[in-house]
Structure formats: structure tokens, C-alpha cells
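Going down the list, the protein sequences come from chains A and B.
Everything in the first sequence is counted per the numbering used here, starting at 1 for the first residue and increasing by one.
Everything in the second sequence is counted per the numbering used here, starting at 1001 for the first residue and increasing by one.
Protein chains: 2
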Amino acid sequence: MSKLASNLQIDSARLWSTIHDTAKFGATPKGGVRRLTLGPEDKLVRDWFRAACEAAGCEVQIDALGNMFALRRGRDMSKPPVGLGSHLDTQPTGGKFDGVLGTLAALEVLRTLNDASIETELPLCVANWTNEEGSRFAPAMMGSAAYVGDFTVEDILSRKDAAGISVAEALDSIGYRGDSAVGTQKFTSFIELHIEQGPILEAESKAIGVVDSGQGVLWYDGKITGFESHAGSTPMQLRRDALATLSEIVLAVERIAIELGPNAVGTVGEAVIAAPSRNVIPGEIAFTIDTRSADAAIMDALDQRIRAAAAEIATRRKVEVALDLLWRKPPTRFDPKLVDAVEIAAKELGYSNRRITSGAGHDACNLNTKMPVAMIFVPCKDGVSHNELEDATQPDCSAGANVLLHTVLALAGVAK
Amino acid sequence: MSKLASNLQIDSARLWSTIHDTAKFGATPKGGVRRLTLGPEDKLVRDWFRAACEAAGCEVQIDALGNMFALRRGRDMSKPPVGLGSHLDTQPTGGKFDGVLGTLAALEVLRTLNDASIETELPLCVANWTNEEGSRFAPAMMGSAAYVGDFTVEDILSRKDAAGISVAEALDSIGYRGDSAVGTQKFTSFIELHIEQGPILEAESKAIGVVDSGQGVLWYDGKITGFESHAGSTPMQLRRDALATLSEIVLAVERIAIELGPNAVGTVGEAVIAAPSRNVIPGEIAFTIDTRSADAAIMDALDQRIRAAAAEIATRRKVEVALDLLWRKPPTRFDPKLVDAVEIAAKELGYSNRRITSGAGHDACNLNTKMPVAMIFVPCKDGVSHNELEDATQPDCSAGANVLLHTVLALAGVAK
Chain A
1 MSKLASNLQI DSARLWSTIH DTAKFGATPK GGVRRLTLGP EDKLVRDWFR AACEAAGCEV
61 QIDALGNMFA LRRGRDMSKP PVGLGSHLDT QPTGGKFDGV LGTLAALEVL RTLNDASIET
121 ELPLCVANWT NEEGSRFAPA MMGSAAYVGD FTVEDILSRK DAAGISVAEA LDSIGYRGDS
181 AVGTQKFTSF IELHIEQGPI LEAESKAIGV VDSGQGVLWY DGKITGFESH AGSTPMQLRR
241 DALATLSEIV LAVERIAIEL GPNAVGTVGE AVIAAPSRNV IPGEIAFTID TRSADAAIMD
301 ALDQRIRAAA AEIATRRKVE VALDLLWRKP PTRFDPKLVD AVEIAAKELG YSNRRITSGA
361 GHDACNLNTK MPVAMIFVPC KDGVSHNELE DATQPDCSAG ANVLLHTVLA LAGVAK
Chain B
1001 MSKLASNLQI DSARLWSTIH DTAKFGATPK GGVRRLTLGP EDKLVRDWFR AACEAAGCEV
1061 QIDALGNMFA LRRGRDMSKP PVGLGSHLDT QPTGGKFDGV LGTLAALEVL RTLNDASIET
1121 ELPLCVANWT NEEGSRFAPA MMGSAAYVGD FTVEDILSRK DAAGISVAEA LDSIGYRGDS
1181 AVGTQKFTSF IELHIEQGPI LEAESKAIGV VDSGQGVLWY DGKITGFESH AGSTPMQLRR
1241 DALATLSEIV LAVERIAIEL GPNAVGTVGE AVIAAPSRNV IPGEIAFTID TRSADAAIMD
1301 ALDQRIRAAA AEIATRRKVE VALDLLWRKP PTRFDPKLVD AVEIAAKELG YSNRRITSGA
1361 GHDACNLNTK MPVAMIFVPC KDGVSHNELE DATQPDCSAG ANVLLHTVLA LAGVAK
């Protein structure tokens, strides 16, 4: 690699201002971002992103699920590009960095190469994947999951949000149902930079996490059917209380995850009582369960024990509990050569680093089944994400972007 | 009492057909009744009721809040009448029996006495109280509450419904703002027959509930503030989960009510997660608690133990739990002599019966502060009320009406 290329650094101030400037699309009073996938704020950031990539000399393609691909030509266009990027959608009360850092750092990599007039041997392609968060439409990481064929495009287009709006309708409403077929944009390999969303790097004062694996995920939709009745005139022993039933399930999920830990987590994130009233015993509740482990055997144990607990509680309380497995994502092992490439880049740049498992799911975990993939983590404050308080430092974000830059240069090569 | 009087029975077929004939005023497709207080359907049933009472030889007075009083003269007009009755308004999707049974059974008592040419020593007065349900105007049990002076007439007249129509305007629109001042119609005592609105009588196969008390009520608004974070990457031991906290509170309310039972109930009827998402640990939840007992000491214990449990759970889970007492209604103790009179009537008529506490509020509970009062309950199917599925059997309704007849005869006496 040329001296110029090996000494190259991204523009830290430009990356930092780009992150904060685009946070205006869906900015919340508390300093976070509410940018639900395929909503009006997502359209605004997508329009900005397309223009910025085109200004950086890229050709931008959009596929039938709104996945965005910005191609920077390489010397050898006979090979697929090296992919980099993440997502620009957020949780309902999300932060400025989750997904955004990886997508805007990828753009910063292209801008840096342009400024240095560096042509890569292989082309590069920056991706913005649709609906990584999964908070408006299930499943999460929808765009990358369909890309690798885990779901058909027709299935995904028919998924509806809480308001009954389908993915197809949402795509059309913001003009992001693209022409190119899902899966046609190939990659030689893919690198995703992301905040850790956990407390480990910060606790150990490491600048870079070299991600070698990811947790598997089980998602359930649950429904409890008890019996709605008068809160004053129904004796305790004659009740079939859907909320008391849910309460036992929530605590069972928590207990089971702790017992199978430390390599396991379990969460009930949503629970909605049908026709609630302060003097009516809840008769019906819809809820969700999210449980994860990086160990396939522990995932099986989570599934078995949660189902058994729900069944026992339902029988004892004389209510119906339905648990539907919505999604099962096996644990991820990233490509050893790419993981090494990330580690080498971090070391050559002199950043403190360690190998780490991703607690959260990422588009990179989906892509891993179809191509060599690795991830780069940087610390986030208190390990907090999916929260308006989510935060990361400029030096850490820049370190991650520099590792991304040099990993990509190592994979794509510099044209002689 | 004369042989005739002691053997007297109401006309079961006439009562049953009267209940079903008048259900046409506001009949719903599903077989229920929608007769919101002071609306057009309420006017129709009031007009019918006034005509029926006049046909039974009564003088009908209407007070300034539309409370209707049908007086049947007794031999001794120097004393106030024995009162009986209930209400004819219903919930938006109400049934055929709640309130209706007690009012039409009271009319049936008068008709039965007329057929047998029985004159009572004291006069009798059948009441139809305005807005017992409280679903169009707040508060519930409005007419009887103003009658006993819990609210001023001016205050009640100014209350507005969701459409901005005041009670005064609604009364005038159906011509039921009467001449007599609220509270001028005195009673020696008052007996209200009502469906149980709970499952106890049905579960124990009792025909008659001898109601000796009404539950006091404590209503709380609660708020839990934990910390929202990522469901995948937040280790179990670092969580501050608002839903797991609520779950412990729900089960604590249930456990405390059971431990302080059988004369106690506790319910969490509403619970709303702020910005819920299936892969986010809930950070904030608003909820309500409704807890009741007919024993003031148990109400104090409920309050103390629920607050203590919430505080312990909050401290252990490192979250904030706020509990605000919204409403405290003390328990009702009905008049022991009247309760005995109801029980004696039930026993002499050979009906299976038990003492019971009213879980729901009734006009009789308001009146109890100003005169001797008791209530008679009959079973309703599955304990269901405030629902179009509300149902009761002809034999049970007739049994209740016969107990009402003989309780009233015992209180008013038969003229020699």
C-alpha cells in the first residue's frame, strides 16, 4: 500500500458534524432521534443520503425493499464491490449513533478517498439497509434478511405496522420502492461499524471491539385470553386476570434468562391490554418476548423453558396463553480472515482493542450467511442505546471510522 | 299479617314480559340496551314508566334533577313512605337487568298489591334515580348523590357530557326537569333490588343475596420510571426494567388482597408502556390500582401494604415508583334491622340465600347516609354486567321481586 494510503485518516470534524447535522431528521426534545423506518423522517434522511453519495461521485441504486446502495467505481469493475455501511432508521426514542455511525462513517470513508484521489482496485459500495430496528415492522434487520433470502420479498412487502399499513404501502408513500431486484447487488465482503450497545469496551477502556460473533435471537408474539369482569364484584379466587398472568410470564422470562446466564438475556418489551379500564379486570393482552444467546444450546433451553413456564402459568390461572415464534436467528460466527483484517487495522493504527461478541443483532449478522463479513465496535456511554441518552465520543467514532477505512483499503486494495 | 298478604306472590310472567317489553327502548342488535341517561331512549322509558305508575294509581312527582317518585298512598299518610326502586338508564352497551330489574320489580310490587286490594299502613314510593350509570355524565349515581347532598343541584346541572351538553339542557330537552326540589321526597326506609354483577350467588347456587354492606374503594394512579435500554446487549443484572417492576406490583396487589381476603379485592386495570418496542427494555409505565373492602380497617391495611410493597420493589430494582391516591370512598354498612327484614323475607319464602357485600356502587349506598337502607341481590349469568351479554333467569328475578314485596310489606305494614 502506498505511503499516502497507509497514513490516511478520515476527517474527524467532518464525520462528527455530519452525524450531528443529520440528527435533525427526527430530532427529539431530549436530544435523541425518532426516525421510524419508512416514515416521513426516514424519507428526509434517505433523500439527504442519496444526494450526499451522488455528490461523492457514487451511483445510487434502490432495491424493491428500499435498501440503498451507493457504488464507488474501482479499477477492476469485473469483481463485486467491498461493502460497508449500516442503517439510518432508529427506535421510537432512539439515539444519534445506532446505525447512523456505521452509515455516515462509510460515507466519510468515500469522501476521504476522494480527497486523497485514491482509486481502489475493487469497487466500494455503501449500504443503508431498510428497517434494521424492527420497531415499526417485524422482523428487525428486514432489508438484509430479505437480501440473503431468509424471507421472500412478497412476504416482507405484506408485513403490517400497528396502524395496519403494509411495508409496500409505506415504501410507496415515501417513494422508496426501488427498481432493482432484492439481492442483485453483490458484495465481495462486507464490513459494518457500529456502537457496541453494551458496557464492555467502556468498562475495559478499549477504543475498538473486533467483533468475531453475534447472539442468536428468538422473537415471540404472545396473546393471553382471560376473562374481563368487574374489579369490585369479582372475588380474587374467581378471577381469570390476563395482566396477573402476564406478570408471572414477565418474571419467568427474567428468571430463566438469569439462570441460563451470563450468556443469555430475555425481555418482554411490549404489552397491550385490550379495552383497559381502571375498574375492569384485564381480559385480554397481546405481548412480545425477545430472548438471545450466542450459544445455540442455550437458545434451545430458553425456548423450552419459556414455553413450559407459560403453559404452567396458563393452566394454573385457567387462562389461554398463545406463544408464536415469530423469528429465530441462529448465533453468528464472523469470517476469521475479515475479523483478522479488522484486528490488524486496529493494531496498525495503534488503537486499544479486544475481541467481542455482539449482543444486538445487526444487518452484518444476516449478510454473514452469504459472504465474508466482520464488524467493528466502538464504546458507547454506559453501554446505553435504543435511548435518547445514547452517546459516543468523537475520538472513539473517528477511531472506528479509521479502522473501517483501513480494513476496506486492505480488502479492496489500492490501484497502482 | 293476613293470610292473603303472607302468601302473596308477584306475577312472574307479568314482571318478565314488562322487563322484555321495555327493553325495546334502546334495544341493541346483540340483545342489549343502549339507554344513556336523559337521552331520547331514556325519555321513552320514563314516559312509559310514569304512565304505568299512574295506571297503578300512583301520583308521580319529578324533582329538579329528573329523579322520579311514584307515590302509592297508605292508611297513615302522616309518615314518609317506604321507598323501593333503582334506575332505568344503562351503559352504552348495557343489558336488560342492571337497574331495570329493581325499578320494574318495584312497579310489579305495586301492581300485585293492587290486584290483591291490599292497603299498606305506610305509603310506598317507587323511585327511578337519574344517571346511576355515569357513562354520559359524571359522577355516577348522580341523582341519589345530589338527593343526599353530596353535590349541590347547581353543580350537577352544570355537568356536561362529551358533546358539551349540560345536565340542565339534557333535562329540558326531554322535559324531565321537574318542579319538586331535590331532597324533599322523604323516605322511612329504602330497599333496592339489583342483579349481583358478580359471580358469587351463581357459583354457590343461591337465589337471593342479602346485601349487608357495600365496599369502600381506593383508586390510585401509578407511574414507574426505570431505564430504557437495548434488549440484546444489556446484561440482566444491569437492567432497570419498568415492566418487570410492574409485574411484581401486580402480583403484590393480588397477593395482598388475597391475604386480607375474603373481604378485599385488588386490581391493576390499566398499564401503558411509554414508547414500547419488542427489543427495548421498558423504561416507563403508567398504571392504575383499584382496591376495595367493606371493612375500613382492611382498606387501611390494603393502602399501607400496597404502598410498602411498591416501595420495597422500587428500591430493590433501582427504579422510581410513584403512587397517587385519586379517590377514597368509605365502606357502606346497611341498616341491620332492614338487612334482617330482607333475610327473614327470603327465608319465609324458602329461597336459598346468603349475606353478601356489594362490590359495585349503587344509589342505595348513597341513600344509606340519610335513612335506613338495604339491598337484595339476585344472580346474573357468569357475573357479567355492563355488557349486552348480561343475563338473569325469570325464576331468580321473580324470587328477588317476591323478597322485595315481603320486605316492603314487613316495613310498611298491612292496614287492618
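From the three backbone atoms N, C-alpha and C, an ideal C-beta is built for every residue, glycine too.
Quick caveat: nothing in here was measured; it's all calculated off a predicted structure.
{"Query": "Contacts of B:Arg1292 in chain A (Cβ-Cβ under 8 Å)", "Result": "Ala231, Gly232"}
{"Query": "Euclidean distance between Cα positions of B:Asp1391 and B:Ala1105", "Result": "16 Å"}
{"Query": "Distance between beta carbons of A:Val414 and A:Ile118, contact taken as under 8 Å", "Result": "6 Å"}
{"Query": "Selection from B:Ser1229, B:Arg1035, B:Lys1160 that minimises the alpha carbon distance to B:Gly1095", "Result": "B:Arg1035"}
{"Query": "Close-in-space but distant-in-sequence residues of the same chain around B:Glu1388 (CB under 7 Å, 5 per side omitted)", "Result": "Thr1028, Lys1030, Gly1031, Gly1032, Thr1093, Gly1095"}
{"Query": "Contacts around A:Cys125, its chain only, beta-carbon distance under 6 Å, and the 5 residues preceding and following it disregarded", "Result": "Phe69, Leu71, Pro81, Gly83"}
{"Query": "Between the CA atoms of A:Val280 and A:Ser173 - distance to the nearest angstrom", "Result": "40 Å"}
{"Query": "A:Thr369 classed as buried or exposed, judged by whether at least 16 other C-beta atoms fall within 10 angstroms", "Result": "exposed"}
{"Query": "Beta carbon proximity, A:Gly85 to chain B, threshold 7 Å", "Result": "no"}
{"Query": "Alpha carbon of A:Gln237 to alpha carbon of B:Ala1203, nearest angstrom", "Result": "12 Å"}
{"Query": "Beta-carbon proximity of B:Gly1216 to B:Gly1359, cut-off 7 Å", "Result": "no"}
{"Query": "Inter-stretch contact at 8 Å, needing at least 3 Cβ pairs: the segment 370-384 of chain A / the segment 325-337 of chain A", "Result": "yes"}
{"Query": "A:Ser213, enclosing alpha helix (DSSP H) - first and last residue", "Result": "Run containing A:Ser213: none in the alpha helix (DSSP H); it sits in the beta strand (DSSP E), 208-214."}
{"Query": "Closer than 7 Å at the beta carbon, the chain B residues around A:Trp417", "Result": "With chain A represented from 1 up to 416, any question about residue 417 of chain A goes unanswered, as that position is not in the structure."}
{"Query": "For B:Lys1223 and B:Glu1284, the rounded distance between their alpha carbons", "Result": "7 Å"}
{"Query": "Test: B:Gln1394 CB closer than 7 Å to a CB of chain A", "Result": "no"}
{"Query": "Burial state of B:Trp1327 (16 or more Cβ within 10 Å)", "Result": "exposed"}
{"Query": "Run of the alpha helix (DSSP H) containing B:Leu1113, from where it starts to where it stops", "Result": "1100-1115"}
{"Query": "Neighbouring residues, chain A, relative to B:Thr1288 (Cβ below 7 Å)", "Result": "Arg278"}
{"Query": "Inter-residue spacing [alpha-carbon to alpha-carbon] between B:Val1403 and B:Leu1349", "Result": "7 Å"}
{"Query": "Interface positions of the segment 373-401 of chain A facing chain B (Cβ-Cβ less than 8 Å), listed along the chain", "Result": "Gly383, Val384, Ser385, His386, Asn387"}
{"Query": "CA-to-CA distance, A:Arg316 to A:Arg136, given in whole angstroms", "Result": "34 Å"}
{"Query": "Inside the segment 137-178 of chain A only - alpha helix (DSSP H) runs reaching at least 4 residues", "Result": "142-147, 153-158, 167-174"}
{"Query": "Minimum C-alpha distance to A:Val45 - residue among A:Ile165, A:Cys58, A:Ala56, A:His87", "Result": "A:His87"}
{"Query": "Same chain only: Cβ atoms within 8 Å of A:Trp48, ignoring 5 sequence neighbours per side", "Result": "Thr22, Phe25"}
{"Query": "Identified DSSP bridge partners for B:His1194", "Result": "B:Phe1377"}
{"Query": "B:Ile1208 versus B:Phe1097: straight-line alpha-carbon distance, rounded", "Result": "15 Å"}
{"Query": "Chain A residues whose Cβ lies nearer than 7 Å to that of B:Ala1257", "Result": "Met236"}
{"Query": "Whole-number beta carbon distance between A:Val167 and A:Ile156, since they are thought to touch under 8 Å", "Result": "6 Å"}
{"Query": "Exposed unless 16 or more other CB atoms sit within 10 angstroms - verdict on A:Lys318", "Result": "exposed"}
{"Query": "Cβ pair B:Leu1171, A:Ser247 closer than 7 Å", "Result": "no"}
{"Query": "Residues that B:Pro1199 contacts on chain A, provided the C-beta gap is smaller than 9 Å", "Result": "Ser229, Ser233, Thr234, Pro235, Leu238"}
{"Query": "Short-range partners of chain B found in the segment 90-124 of chain A, where Cβ spacing is below 8 Å", "Result": "Gln91, Pro92, Thr93"}
{"Query": "Strand pairing of B:Ser1293, partner residues [DSSP]", "Result": "B:Gly1216"}
{"Query": "Straight-line gap, B:Lys1381 to A:Phe227 (C-alpha atoms, nearest Å)", "Result": "14 Å"}
{"Query": "Span of the beta strand (DSSP E), counted from its first residue to its last, around B:Leu1243", "Result": "Element bounds for B:Leu1243: not the beta strand (DSSP E) but the alpha helix (DSSP H), 1242-1259."}
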